[in-house]
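Below is one structure, written out as structure tokens; the observations come after it.
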Amino acid sequence: RLRRLRITAGLATKIRVEFGEDAKQRRARVSNRMLERQLSPLPAAVIGPERLPAEAYIPETIEKLIAP
Numbered sequence: 004r005l006r007r008l009r010i011t012a013g014l015a016t017k018i019r020v021e022f023g024e025d026a027k028q029r030r031a032r033v034s035n036r037m038l039e040r041q042l043s044p045l046p047a048a049v050i051g052p053e054r055l056p057a058e059a060y061i062p063e064t065i066e067k068l069i070a071p
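Take any residue in the sequence shown, note its place counting from 1, add 3, and you have its number in this note's numbering.
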């Protein structure tokens, strides 16, 4: 549970706290991908980490979510 929350917090930090043009574009990409229902660990902060599948927390899922 705590590992999943750390992963979620790390991704949220990368998306929300970084600044500059690259970060702005990354935020837009992530938002669009989440609207397309792409798997993401971000909802864990609200609904609880145990309610998402394990695949939401693997590095490949996160890389796919933030990829250019």
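Note that CB positions come from ideal geometry on N, CA and C, so glycine has one too.
Reference residue i, options the options, closest by Cα
i, options, result
"Lys67", "Arg32, Glu53, Ile50, Ala48", "Arg32"
Outcome for residue i when other beta-carbon atoms lying within 10 angstroms are tallied against a minimum of 16
i, result
"Ile50", "exposed"
"Leu14", "buried"
"Ala59", "buried"
"Pro44", "buried"
Residue j beta carbon less than 8 Å from that of residue i
i, j, result
"Ile69", "Lys17", "yes"
"Pro71", "Thr11", "no"
"Leu8", "Ala47", "yes"
"Leu42", "Thr64", "yes"
Quiz item: Quick one: complete beta strand (DSSP E) runs, 3+ long, within the region 25-69?
Solution: none
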